[in-house]
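One structure below.
Numbering (the UniProt record's numbering), first residue to last: 1 to 542.
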């Protein structure tokens, strides 16, 4: 629960930060434009109504009273020097020509003259259009006219057809100010209201953000995170001592790579991150994540990969397996032993620092060469760089060297059973699965192996000939974006159809691939009632 709260707190903070930036930007717009600049009235003339003594209606007020005996108010005004009665009668406003007693009518020509009388800018009339209200005028949705002027501000003058009144002026500065108001008051629908669903939601999110922030703050205080004399985490301690420990999340408890085993009698209570990343059996055996617990001198721990060391690897050759995946073959200065399914932590120089990236060996134990498959990550946009680690490694030339630490990992083959070995992979997840398959097939009596591999296009099927030609591997490639003679769709869907005719109690499952494929596959395996204890997973530490 605390882990989910922390995740949601971060995303809500991002939403609130974006809205705060919108407030700041819109406030700057208001300051720069000023009230007059935002009003849309830069070229609006300020006229004064004619004196009543100057109006000479031919239709007398007695006739008005006789025609509208229930009228509560009668006003005399003028439009284009023509007198006009405005009568409030039974909740309606009636406009009469005071010369004829007829209902007032505003023609296109009259609307143009009315608009020009209210305009004192440099432009001329460009177009007169009959309209039924406008999105630019919230409180006016009546028949009328829009008179467009060809000035530098794109002025638009709205005239009401029923009364002949100038409803208002609008122009480009007003549009900018209107959008600034919408962003400032979160009025994204344009309803010109403070009382709407977005405001309510923002208020509730802000309240939740504050409360969850307090809870997380108290938790961090209790853990000593704000104590300058606080004890380091085991991960920090091991890294300071240059001990072999893997990590790809910076100690956030999200990659699950920094595994250690407590051998002392008293073991710390598992955190939410550990309960999510480790199995019940691992937790019962004392396994914990080094980033989740602080050093206590009464505790004793063992590293999961105590034999990991630093190696100098020299590139022997490389080849393109698919449009995006490159096979790299390295020679190590000193041979070392690893188990199929394990990985090395490569040290990649970047600017003035060194970053680490994890890549699994793509072959069973080989004392001569180490083989890796690297998916080159393209730049997501012209403004952002391509993947740092993958670009560096795939651009190495034969003879160049790189440092790596390892081996790490427990994505290993099961032993001591005769169950069918089911491998499910996609993309660069081919590397550890290929190593596990090779390791199984090298045994004196290899078990039945079934391999489903997903890709988008046929040219992305890495090592296709190696698997399809092997007599002891039931290999099924699955393409998601291409019509061909083989299986199509998503790989987990093809596996689900195959599982429908299998005894799931007689399966060991190995899964490796991109995060969306991993999630879909794990959900599918759970729906097929395959025990989590018989599923082995390599999620690249993502």
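We treat Cβ as the ideally placed atom computed from N, Cα and C, and that holds for glycine.
DSSP lists 405 as the beta-bridge partner residues of residue 310. Assigned with DSSP and collapsed to three states, residue 138 falls in coil, not helix or strand. In terms of Cβ geometry, residue 462 and residue 373 form a close pair [threshold 8 Å]. The way I'd put it, the segment 13-23 doesn't touch the segment 148-160; fewer than three beta-carbon pairs between them come closer than 8 Å.
Using a Cβ distance threshold of 8 Å, residue 345 and residue 290 do not count as a contacting pair. Residue pairing by DSSP leaves residue 268 without any beta bridge partner.
Distances from the CA of residue 489 to each of 329, 310, 124, 480 were compared; the closest alpha carbon is that of 480. Considering only 235, 306, 327, the residue with the shortest C-alpha distance to residue 296 is 235.
Beta-bridge pairing by DSSP links residue 287 to 261. The distance from the Cβ of residue 398 to that of residue 316 is about 6 Å, consistent with a contact at the 8 Å cut-off. The DSSP-derived three-state label of residue 327 is strand. The residue among 76, 471, 455 with its C-alpha nearest the C-alpha of residue 484 is 455.
Rounded to whole angstroms, the gap between the alpha carbons of residue 468 and residue 263 is 46 Å. The C-alpha of residue 96 lies about 11 Å from the C-alpha of residue 67. Excluding sequence positions up to five before and after residue 355, its CB lies within less than 7 Å of the CB of 348, 388, 389, all in the same chain and listed in chain order.
One thing to note: residue 137 has its Cβ within 8 Å of the Cβ of residue 167.
A residue is called buried when at least 16 other Cβ atoms come within 10 angstroms of its Cβ; residue 188 does not meet this threshold and is exposed.
If you look at residue 127, you'll find it isn't in any alpha helix (DSSP H); it sits in the beta strand (DSSP E) that goes 125-132. Residue 274 is positioned such that its CB atom lies closer than 8 Å to that of residue 292. Taking each of 330, 30, 85 in turn and checking the Cα distance to residue 56, the smallest one comes out for 85.
Looking at the DSSP output, residue 168 bridges to 158.
The continuous beta strand (DSSP E) containing residue 350 extends over residues 343-350. Exposure of residue 319 is indicated by the presence of fewer than 16 other C-beta atoms within 10 angstroms of its C-beta. Counting only the Cα atoms, residue 170 lies some 12 Å from residue 119.
Listed in chain order, the alpha helix (DSSP H) runs fully inside the segment 39-118 are 61-67, 108-117, counting runs of at least 4 residues.
In the three-state scheme derived from DSSP, where H, G and I count as helix and E and B as strand, residue 453 is classed as strand. Annotation for residue 508: the continuous beta strand (DSSP E) segment containing it runs 507-512.
Of 150, 115, 106, 146, the smallest CA-CA separation from residue 124 is found for 150. As the crow flies, the alpha-carbon of residue 444 is around 39 Å from that of residue 482. Among the bridge pairs identified by DSSP, residue 426 is matched with 454. Three or more beta-carbon pairs drawn from the segment 271-285 and the segment 248-263 are found closer than 8 Å, and the two stretches are therefore classed as touching.
A distance of 8 Å or more separates the beta carbons of residue 9 and residue 251.
Rounded to the nearest angstrom, the Cβ distance from residue 39 to residue 174 is 7 Å, consistent with a contact under 8 Å.
For residue 478, the three-state secondary structure derived from DSSP is strand. Of 323, 31, 474, 439, the smallest CA-CA separation from residue 415 is found for 439. Between residue 457 and residue 378, the alpha-carbon positions lie close to 18 Å from each other.
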